[in-house]
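K.L.:
The structure follows.
There are 2 protein chains.
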Amino acid sequence: MNFSLDDIQQKFRGCGLKSTPQRTAIYQALVHSTAHPTAEDLFAQVLPTYPMLSLNTVYYTLGVLRTAGLVQEVNIGHDRARFDANLSPHHHVICLGCQTILDVMDPKLNRLTSPSGLPKDFEITQYQVAFRGYCGPCRQSKASNTASSSGKRPISQ
Amino acid sequence: MNFSLDDIQQKFRGCGLKSTPQRTAIYQALVHSTAHPTAEDLFAQVLPTYPMLSLNTVYYTLGVLRTAGLVQEVNIGHDRARFDANLSPHHHVICLGCQTILDVMDPKLNRLTSPSGLPKDFEITQYQVAFRGYCGPCRQSKASNTASSSGKRPISQ
DNA sequence: TTGATAAATAGGAATGATTACTAAAAAGGA
DNA sequence: TCCTTTTTAGTAATCATTCCTATTTATCAA
Numbered sequence: 019m020n021f022s023l024d025d026i027q028q029k030f031r032g033c034g035l036k037s038t039p040q041r042t043a044i045y046q047a048l049v050h051s052t053a054h055p056t057a058e059d060l061f062a063q064v065l066p067t068y069p070m071l072s073l074n075t076v077y078y079t080l081g082v083l084r085t086a087g088l089v090q091e092v093n094i095g096h097d098r099a100r101f102d103a104n105l106s107p108h109h110h111v112i113c114l115g116c117q118t119i120l121d122v123m124d125p126k127l128n129r130l131t132s133p134s135g136l137p138k139d140f141e142i143t144q145y146q147v148a149f150r151g152y153c154g155p156c157r158q159s160k161a162s163n164t165a166s167s168s169g170k171r172p173i174s175q
Numbered sequence: 019m020n021f022s023l024d025d026i027q028q029k030f031r032g033c034g035l036k037s038t039p040q041r042t043a044i045y046q047a048l049v050h051s052t053a054h055p056t057a058e059d060l061f062a063q064v065l066p067t068y069p070m071l072s073l074n075t076v077y078y079t080l081g082v083l084r085t086a087g088l089v090q091e092v093n094i095g096h097d098r099a100r101f102d103a104n105l106s107p108h109h110h111v112i113c114l115g116c117q118t119i120l121d122v123m124d125p126k127l128n129r130l131t132s133p134s135g136l137p138k139d140f141e142i143t144q145y146q147v148a149f150r151g152y153c154g155p156c157r158q159s160k161a162s163n164t165a166s167s168s169g170k171r172p173i174s175q
């Protein structure tokens, strides 16, 4: 989870990517974050160090890194793209209140087999489970609005 | 899966929604589709019957139906929202080539339990598994570009 | 070290899905 | 039938993302 600048340079080179200060900074910001930031989040984070940085460059960089397989996009809606540099198999828990995304690395989720009822020429290459619900604070604020439902319920789809 | 106009009217009323011809047509188009259409798809489909229909109305209607819980949004990227009126527990298979979305109703996927490592005050209300890969035709076109990888591989995240 | 070449950067403009605003029309209830 | 509220349709606005392009930079070979 922690990379030196040299590691990152190596990683970029290994993918045939040039290693530039901006690119390194953007990637490092993403690697060190567990918040699944947006392009704009990363822009804001790197801007103090590179005041000439363009948001455009952030988008371009994320595109390049995604193509190279160093970064993945996480979808929680159709608002803004959020990014993740965690390449180990994992899944996501999304709070429907505050849009927080948590990583979940539960080995039992990594053993799902191809679902039944698929066309047999369909080749599955990956899968991801998205759990949705409400984090503690958001449950509080929901409860103060409507006085209902705090008991444990079975998970449904 | 097949609803009469009366059924739909009942359903709308039950949710406190007015039943209008446009709304009914939009919902019906969605219910009868398995293609997870976009707002624009639905607009195009209903337009011949209601030439004065506004795309705006389609968005508004989908928003209302989603709030009422009659419709869900499916995310496959950050391009356009796609919609689904299938309320029974199911999951999705997404072709990375042509963006087709297939419904998967495999009972074994409906028995996942809450993942380990969650904050204990987080309440999961739903989850969905998204399988990604390539459908038959898209595998063909991939293969004609790069001559590689057609054997069966284990699924990874 | 230098020069050549291809990629990366920054800036502004463009795109395109979605939302906001608003007046007119329609639905549902009294 | 009348009233109230929602819905509709049209136009304009928003906002994330992409496109275009000139300049700069990284990398590689000589």
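Protein chains in written order, with the numbering used here: chain A, 19 to 175; chain B, 19 to 175.
Every residue, glycine too, gets a C-beta built ideally from N, C-alpha and C.
Since the model is a prediction, treat every value here as computed from it, not as a measurement.
Just to make sure I have the definition right: I need the residues of chain B whose C-beta is within less than 7 Å of the C-beta of E141 of chain A. Which are they?
P.N.:
G151, Y152 and R157, listed in chain order.
K.L.:
If the criterion is Cβ atoms closer than 8 Å, does the pair I112 of chain A and R157 of chain A meet it?
P.N.:
No. Outside cutoff.
K.L.:
Can you grab the Cα-Cα spacing for the pair Q28 of chain A / I94 of chain B, in whole Å?
P.N.:
If you take the alpha carbons of Q28 of chain A and I94 of chain B, they lie about 32 Å apart.
K.L.:
Just to confirm, is the Cβ distance from L88 of chain A to A99 of chain A under 8 Å?
P.N.:
No, the pair does not count as a contact, with Cβ atoms beyond the cut-off.
K.L.:
Is F140 of chain B closer than 8 Å to G154 of chain A when the C-beta atoms are compared?
P.N.:
The answer is yes: Cβ separation under 8 Å.
K.L.:
What does D124 of chain A reach in chain B if we use C-beta pairs closer than 7 Å?
P.N.:
Under the 7 Å cutoff, chain B gives P133, S134 and G135.
K.L.:
Considering only DSSP beta bridges, list what A148 of chain A is partnered with.
P.N.:
Paired residues: A:H110 and B:Q146.
K.L.:
Closer than 8 Å, CB to CB, is A127 of chain B near chain A or not?
P.N.:
Per the sequence shown, residue 127 of chain B should be read as Leu rather than Ala. Output row for L127 of chain B: interface = yes.
K.L.:
State the DSSP-derived secondary structure class of T42 of chain A, mapped to helix, strand or coil.
P.N.:
DSSP places T42 of chain A in helix when its eight states are reduced to three.
K.L.:
Using CA coordinates, which residue listed in B:G135, B:T85 and B:I119 is at the minimum distance from H108 of chain A?
P.N.:
That would be B:G135, whose Cα lies nearest to the Cα of H108 of chain A.
K.L.:
Within 8 Å of any Cβ in chain B, is that where the Cβ of Q146 of chain A sits?
P.N.:
Closer than 8 Å to some Cβ of chain B, the Cβ of Q146 of chain A qualifies, so yes.
K.L.:
Identify the continuous beta strand (DSSP E) that holds Q90 of chain B and give its terminal residues.
P.N.:
Looking at the DSSP string, the run of the beta strand (DSSP E) that includes Q90 of chain B is Q90 to V92.
K.L.:
Out of B:L60, B:V92 and B:L83, state which residue places its alpha-carbon closest to the alpha-carbon of G32 of chain B.
P.N.:
The option with the nearest alpha carbon to G32 of chain B is B:L83.
K.L.:
For the region 40-76 of chain B, which segments carrying the alpha helix (DSSP H) assignment without a break, of at least 4 residues, lie completely within its bounds, in sequence order?
P.N.:
List check, alpha helix (DSSP H) in window: 57-64.
K.L.:
Judging by CA-CA distance, which residue of A:V76, A:I119, A:L120 and A:Y145 is the nearest neighbour of L127 of chain A?
P.N.:
Here the closest residue by C-alpha is A:Y145.
K.L.:
Classify P69 of chain B as buried or exposed, calling it buried when 16 or more other Cβ atoms lie within 10 Å of its own Cβ.
P.N.:
Classification of P69 of chain B: exposed, given that the 10 Å Cβ count is below 16.
K.L.:
In or out: H54 of chain A buried (at least 16 other Cβ within 10 Å) or exposed?
P.N.:
Looking at its Cβ environment, which holds 16 or more other Cβ atoms inside 10 Å, H54 of chain A is buried.
K.L.:
Please confirm whether A57 of chain A and L73 of chain A have their CB atoms less than 8 Å apart.
P.N.:
Going by C-beta atoms, A57 of chain A is nearer than 8 Å to L73 of chain A.
K.L.:
Are the CB atoms of L4 of chain B and I44 of chain B nearer to each other than 8 Å?
P.N.:
Past the boundaries of the shown model lies residue 4 of chain B; chain B is included only from 19 to 175, so the question cannot be answered.
K.L.:
When you compare the CB of H54 of chain A with every CB in chain B, is at least one pair closer than 8 Å?
P.N.:
Judged by the 8 Å Cβ criterion, H54 of chain A is not in contact with chain B.
K.L.:
Output the boundary residues of the beta strand (DSSP E) element that contains F30 of chain A.
P.N.:
Taken as a continuous stretch (DSSP letters only), F30 of chain A belongs to no beta strand (DSSP E), being part of the alpha helix (DSSP H) at L23 to G32.
K.L.:
Going along chain B, which residues have a C-beta under 7 Å from V64 of chain A?
P.N.:
By Cβ distance, chain B contributes nothing, its closest Cβ being about 21 Å from V64 of chain A, past 7 Å.
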